[in-house]
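A.B. asks: In my numbering, the protein residues as written are 209 to 369. Every residue gets a Cβ at the ideal spot worked out from N, C-alpha and C, and that includes glycine.
(1) If you check the beta carbons only, do residue 289 and residue 255 fall under 8 Å apart?
(2) Taking the CB atoms as reference points, tell me whether residue 242 and residue 303 lie closer together than 8 Å.
(3) Could you check the C-alpha separation between residue 267 and residue 287 for me, to the nearest Å?
(4) Could you give the first and the last residue of the continuous beta strand (DSSP E) run that contains residue 240?
(5) Cα-Cα, which of 333, 336, 296 and 310 is closest to residue 322?
(6) For residue 228, collect the residues of the same chain with a Cβ closer than 8 Å to its Cβ; drop the 5 residues on either side in sequence, then sort them by chain order.
(7) Measuring CB to CB, does residue 355 end up less than 8 Å from residue 239?
(8) Give the straight-line distance between the Cα atoms of residue 341 and residue 365, rounded to the nearest whole angstrom.
(9) Does the Cβ of residue 367 have 16 or more other Cβ atoms within 10 Å, making it buried, or fewer, making it exposed?
(10) Which of the three DSSP states, helix, strand or coil, is assigned to residue 279?
(11) At the level of alpha carbons, what is the spacing between residue 252 and residue 320?
(12) Check residue 268 in the structure and name its three-state DSSP category.
(13) Given a threshold of 16 other Cβ atoms within 10 Å of its Cβ, counted over all protein chains shown, does residue 349 qualify as buried or as exposed?
(14) Assign residue 372 to one of two classes, buried (16 or more other C-beta atoms within 10 Å of its C-beta) or exposed (fewer than that).
(15) Let's see if you can read the secondary structure: which residues bound the alpha helix (DSSP H) around residue 299?
(16) Tell me whether residue 326 sits in a helix, a strand or coil according to DSSP, three-state version.
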C-alpha cells in the first residue's frame with residue numbers, strides 16, 4: 209500500500225532544489241486536467257518541465273501554490289512549463305481551489321494515486337525534468353518558489369546549454 213503524507217516543514221531559504229547525481233527517465237503518464245483534456249508527459253518534450261504532486265487536503269501544498277503561480281507567470285513559456293498533479297479523488301475540490309487562487313498553470317488529476325513509479329515520498333513533491341523527459345532535480349516538501357535562492361537555482365537548472 210502506498211502511503212502519502214504531507215511534508216510539513218516550513219518553507220525557507222535553506223530549502224532548495226536537490227539536483228540528482230544522475231538524470232533518470234520520468235515515468236510517462238496520461239492524465240486529465242481539471243477541464244477533462246488529456247495530457248501526456250510526451251506532450252512536453254523539448255521543454256524543461258516542473259511537475260508538482262499535491263492535494264487539496266495538504267496544507268503545505270496549498271501554502272506553496274501562490275508562489276508557484278508567480279513562478280509560472282515569470283518563467284512559463286516556450287522553454288519552461290509547470291504542471292501540478294492533484295492526487296486523489298477530489299477533482300471538484302481542486303477545481304474550486306484553483307479558481308479561488310487564480311491558478312493558471314495546468315492542473316492534472318490522478319484519482320488512482322499511481323505515484324509509485326515517480327517515487328513520491330510525500331506531498332508536496334516537485335520534480336524538474338529536462339527537455340528529454342529526464343528527472344534532473346527534485347524538491348520534497350513545501351518551497352517558496354519566489355525565494356531568491358530557489359529561483360536562482362531553478363534558473364540555473366533550465367539555462368540554455
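C.D. replies: Let's see:
(1) Locating residue 289 in the chain shown gives position 81, counting from the first residue. Locating residue 255 in the chain shown gives position 47, counting from the first residue. Against a cut-off of 8 Å, the Cβ pair of residue 255 and residue 289 comes out as a contact.
(2) Taking the first residue of the chain shown as 1, we reach residue 242 at position 34. Taking the first residue of the chain shown as 1, we reach residue 303 at position 95. For residue 242 and residue 303, yes; Cβs fall inside 8 Å.
(3) Within the chain shown, residue 267 is the residue found at index 59, counting from 1. Within the chain shown, residue 287 is the residue found at index 79, counting from 1. Roughly 30 Å between the two C-alpha positions.
(4) The count along the chain shown starts at 1 and reaches residue 240 at position 32. Segment 238 to 240, the beta strand (DSSP E) holding residue 240.
(5) To locate residue 322, count along the chain shown from 1; it is residue 114. It is 296.
(6) Numbered from its first residue, the chain shown carries residue 228 at position 20. Closer than 8 Å at the Cβ level, and outside the excluded window around residue 228, lie 343, 344, 345 and 346.
(7) Locating residue 355 in the chain shown gives position 147, counting from the first residue. Locating residue 239 in the chain shown gives position 31, counting from the first residue. Against a cut-off of 8 Å, the Cβ pair of residue 239 and residue 355 comes out as no contact.
(8) Taking the first residue of the chain shown as 1, we reach residue 341 at position 133. Taking the first residue of the chain shown as 1, we reach residue 365 at position 157. Residue 341 and residue 365: Cα-Cα distance of roughly 14 Å.
(9) Residue 367 sits at position 159 when you count from the first residue of the chain shown. The residue is exposed, with fewer than 16 neighbouring Cβ atoms inside 10 Å.
(10) The residue you call residue 279 lines up with position 71 of the chain shown. Residue state, collapsed to three classes: helix.
(11) The residue labelled residue 252 in the question sits at position 44 within the chain shown. The residue labelled residue 320 in the question sits at position 112 within the chain shown. In a straight line, the C-alpha of residue 252 is about 22 Å away from that of residue 320.
(12) Here residue 268 refers to the residue found at position 60 of the chain shown. Correct three-state label for residue 268: helix.
(13) Here the question's residue 349 lines up with position 141 in the chain shown. So residue 349 ends up on the buried side.
(14) In this structure the chain extends from 209 to 369, so residue 372 is not present and cannot be described.
(15) Taking the first residue of the chain shown as 1, we reach residue 299 at position 91. Start and end: 299 to 309.
(16) To locate residue 326, count along the chain shown from 1; it is residue 118. Note: residue 326 maps to helix in three-state DSSP.
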